[in-house]
DNA sequence: CTCAAAATGTTGCATTTGCAACATATATAT
DNA sequence: ATATATATGTTGCAAATGCAACATTTTGAG
């Protein structure tokens, strides 16, 4: 098991990490692409950590509407208590997109101090703390985007963020179709707006390559 | 100083909490209503904990547009690293709504183990962990709401959540005007939609009292 | 109480958007 | 290579929404 690339175990040696697993009641499971990793429809207080592969969290409401809530890859953590609420009682599942391996930990085992008071426990809590903080950042960024009134404003705000990080010319970190889902706009309507933005001289676009022409 | 009602110090006696303050480089400051509690326009890695009173986090963008991002009252925590990103470089400030007292802690002091390894440090980290988890819940709930396409769907989803918690008849936890801001809809357009929903027999509304008639 | 400020409710209108129905291009599997 | 699935781009149209302008009510300060 390779812990070195998992942020959750940063600062903890592989041997120590292995040793700690018993404190957390950790279990490892492998999944085939397409299979169900877990189901949060009932109450779920497990935390999952992606050790390898990719998975998606999918919500299905009573009308059968399907929504992709989050995407997970190496090192990402997920769990009901961590990043979503299911007040509406919808079906929420995590499904493997590729073959993957997942480590499960009891949420309670993380927040409670273990009886043996193993020395790395608090380090791991700190690491998880940082991961959640990172998640709240991405959530609040998305809220900022969604709070814009028009599709154009959403796109310009999002492009502005990317430009801050990568310069005025950058590649979209996702497909155009996924971008539409991310900003909660109709894909065809968004494509139309992108065309208009090019016509209006705000951006230039070639496949996923975007050049932001307006100063932000 | 009364720590008993602050979730962050749950499970830690008042005396112990006082004693721990030095580990965290904690400072206490009082603010008059209307005054600026802190400015996150630059980089800010302080975490604030509301000890008493109320405050709001306000974002002002380059066009002078003002947006209320979050409301804080007793026990709430805030900080750049905790729940917002400022990639757009906007001005982000916390302003006191009433006279209030705030405790500031260095973020780094929380995630690092203190040299003295005081015994309540990890308990406090766990508590803060829980607070952030609660915040991610409310953030992701809001994303769920904002991801609905129409104002009616947003309202029905939100009302459904409230109904799950309080039964099919409940009071809105905020003013109608604030509700419009919360779901990112134009106030007058939202009011119009609420009227239509009543006409269509989905809800009954009297001031902030709502009765959800459709089974959810 | 009195007055001003904030909240609420209504409506016309122009803009934006979702939706459906396409055509085409690209990626992936066999 | 070939076929199939997925991604992308376009457009007409009806529905939803923001916006402005206004009347009315409620709240809060003095």
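Chains as they are written, first to last, in this note's numbering: chain A, 1 to 216; chain B, 1 to 216. Note that CB positions come from ideal geometry on N, CA and C, so glycine has one too.
Name, please, each residue of chain A whose Cβ falls closer than 8 Å to the Cβ of residue i.
i	result
residue 68 of chain B	Those do not exist, as residue 68 of chain B stays about 11 Å from chain A at its closest Cβ, beyond 8 Å.
residue 125 of chain B	122, 125, 126, 129
Give me the Cβ distance between residue i and residue j, rounded to the nearest whole Å; I'm assuming they're in contact under 8 Å.
i	j	result
residue 24 of chain B	residue 105 of chain B	5 Å
residue 4 of chain A	residue 14 of chain A	7 Å
residue 153 of chain A	residue 211 of chain A	No, residue 153 of chain A and residue 211 of chain A are not in contact; Cβ-Cβ is about 19 Å, not under 8 Å.
residue 103 of chain A	residue 72 of chain A	Going by Cβ atoms, the distance from residue 103 of chain A to residue 72 of chain A rounds to 12 Å, so no, they are not a contact pair.
residue 107 of chain B	residue 45 of chain B	4 Å
residue 120 of chain B	residue 16 of chain B	5 Å
residue 194 of chain B	residue 140 of chain A	Incorrect: roughly 27 Å between the Cβ atoms, too far for contact.
residue 171 of chain B	residue 208 of chain B	5 Å
residue 190 of chain B	residue 151 of chain B	6 Å
residue 55 of chain B	residue 37 of chain B	6 Å
residue 78 of chain A	residue 34 of chain A	At roughly 18 Å, the Cβ-Cβ gap does not stay under 8 Å, so residue 78 of chain A and residue 34 of chain A are not in contact.
residue 2 of chain B	residue 75 of chain B	Contact doesn't hold; Cβ gap of about 11 Å is too wide.
residue 53 of chain B	residue 96 of chain B	6 Å
residue 142 of chain B	residue 92 of chain B	With a Cβ gap of about 18 Å, residue 142 of chain B and residue 92 of chain B do not count as contacting.
residue 101 of chain B	residue 9 of chain B	No, residue 101 of chain B and residue 9 of chain B are not in contact; Cβ-Cβ is about 15 Å, not under 8 Å.
residue 156 of chain A	residue 202 of chain A	7 Å
Find the residues of chain B that neighbour residue i, judging by a C-beta separation of less than 8 Å, and give them in chain order.
i	result
residue 146 of chain A	143, 146, 147, 184
Tell me the DSSP bridge mates of residue i?
i	result
residue 49 of chain B	B:77, B:103
residue 39 of chain B	B:93
residue 55 of chain A	A:72, A:96
residue 171 of chain A	A:209
residue 27 of chain A	A:104
residue 203 of chain B	B:212
What did DSSP end up calling residue i once you bin it into helix, strand or coil?
i	result
residue 108 of chain A	helix
residue 185 of chain B	coil
residue 10 of chain A	coil
residue 154 of chain A	helix
residue 2 of chain B	coil
residue 160 of chain B	helix
residue 124 of chain A	helix
residue 21 of chain A	coil
residue 149 of chain A	coil
residue 33 of chain B	coil
Check whether the Cβ of residue i sits closer than 7 Å to any heavy atom of the ligand HEM, and report yes or no.
i	result
residue 181 of chain A	As for the ligand HEM, it is missing from this structure, which has no ligand bound.
Open item on the list: I'd like to know if the region 177-185 of chain B and the region 137-146 of chain B are in contact, where contact means that at least 3 CB-CB pairs between them fall below 8 Å.
Closed with: yes
Task: Inter-stretch contact (C-beta, 8 Å, three-pair minimum) for the region 125-133 of chain A and the region 123-143 of chain B - done: yes
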